[in-house]
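Participant: Residues in the sequence shown are numbered from 16 upward in steps of one, following my numbering. We put the beta carbon where it would ideally sit given N, CA and C, even for glycine.
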Amino acid sequence: WIYSRTGMRERRIAREDQATSDLAALAAQAALDNAGISADEIDLLIVATLSPDMFFPSTACFVQNKIGAKNAYCYDLGAACSGSLYAIETAKNQIASGAVNTALVIGAEKMSTVVDWKDRNSCVLFGDGAGAVVLRATDSGRGILSGVFGSDGSLAHQLWIPGGGSRNPMTHEMLDRNEQYLKMEGREVYKHAVTQMAKASLDVLEKNGLCSDDIKLFIPHQANARIIDAISTRLGVKDRTFLNVEKYANTSAAALLIALNEAVRSGLITRGDLILLVAFGSGFTWGATIVEWTK
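#1: How far does the beta strand (DSSP E) with Tyr312 in it extend, from its first residue to its last?
#2: From Ala171 to Ala95, what distance separates their C-alpha atoms?
#3: Which word fits Leu65, buried or exposed, when buried means at least 16 other C-beta atoms lie within 10 angstroms of its C-beta?
#4: What number of angstroms, rounded off, separates the C-alpha of Phe141 from the C-alpha of Ala270?
#5: Check whether the Cβ atoms of Gly144 and Thr300 sit closer than 7 angstroms, and answer yes or no.
#6: Could you check if Tyr18 is buried or exposed, using at least 16 other CB atoms within 10 Å of its CB as the buried criterion?
#7: Starting from Ile234, follow the beta strand (DSSP E) in both directions and report where the run begins and ends.
#8: Considering just the uninterrupted stretch of the beta strand (DSSP E) at Ala43, what are its terminal residues?
#9: Does the region 155 to 169 come into contact with the region 66 to 74, if we say contact requires no fewer than three beta-carbon pairs (one atom in each stretch) closer than 8 angstroms?
#10: Please classify Glu104: does DSSP put it in a helix, a strand, or coil?
#11: Does the region 272 to 283 touch the region 186 to 193, meaning 3 or more C-beta pairs lie closer than 8 angstroms?
#12: Who does Ile305 pair with in a DSSP beta bridge?
#13: What first and last residue would you give for the beta strand (DSSP E) that runs through Leu250?
#14: By how many angstroms is the C-alpha of Asp32 removed from the C-alpha of Ala218?
#15: With a threshold of 16 other CB atoms inside 10 Å of the CB of Lys253, please say whether the residue is buried or exposed.
#16: Does the distance from the CB of Asp58 to the CB of Thr117 come in under 7 angstroms?
#17: Could you check whether Ala45 and Val78 sit closer than 7 angstroms to each other, using their CB atoms as the reference points?
#18: Please determine if the region 283 to 298 and the region 217 to 235 are in contact, where contact requires at least 3 C-beta pairs separated by less than 8 angstroms.
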């Protein structure tokens, strides 16, 4: 029933001795190697995650130390599954303002630590992983185009971890109720995810004077196959939709960057192609952006 409902066949679970920063550092180093730059060239390092190593300091600071990015200023960004897309937008604007030259954006999650393994409705949906991208200004092509982003905090209770923060500090009673784990109203999340990702995709196309026929590849957040199928059908891009949720399950903030990496390595993206990225996460948060591939 897991595959028929979600499209997931397998996933990755990190070792017990691996933290989110360890996964992030591996992805970061791979991105640096691929870009042909050294860690000390990084000016800005952002880690998007909902499963940080600890409350503070930021996971980004741990990653900075692990990879030797001594010249970077670092912080975490919390937008759940939308996190890496929000981080890309943030880094893009920092570069465009002239504040930084080179940014490293990482989406990393150890979801196996925040799911309730006794809740079969949710624990089967998530996996561990990390992805990373290096961003720099370009004078060749348009690079990252204008994005569209939104949030609705009135629906936060439909996908959250209720215990452990300043609102509900952890107690023995909360632990007994498993409130340190992810809670989700699946049907409501599905409905809002499809609606908001489809709308954001259409809005970002209109904002940039484009239509779906202009898009070479559609890369949505890898939540589950049913959500992706519904969105791609609405947009008319089903034949140009990238899907790897079958292998990794939902890796939250890491999912979009893992998918982008696989699409590039599979030869599905070449110079000049327009790529539509869209995500939806807890909060609720959502966003979409278009990238003209310049590498």
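Facilitator: So, from the listed chains and residues:
#1: A question about residue 312 goes unanswered here, because the residues of the chain that appear run from 16 up to 310.
#2: 11 angstroms
#3: buried
#4: 10 angstroms
#5: no
#6: exposed
#7: 232 to 235
#8: That residue, Ala43, is in no beta strand (DSSP E); its alpha helix (DSSP H) goes 35 to 50.
#9: no
#10: helix
#11: no
#12: Leu291
#13: Careful: Leu250 lies outside any beta strand (DSSP E), inside the alpha helix (DSSP H) at 240 to 250.
#14: A small fix is needed here, since residue 218 is Asp in this sequence, not Ala. Between Asp218 and Asp32, the C-alpha separation is close to 43 angstroms.
#15: exposed
#16: yes
#17: no
#18: yes
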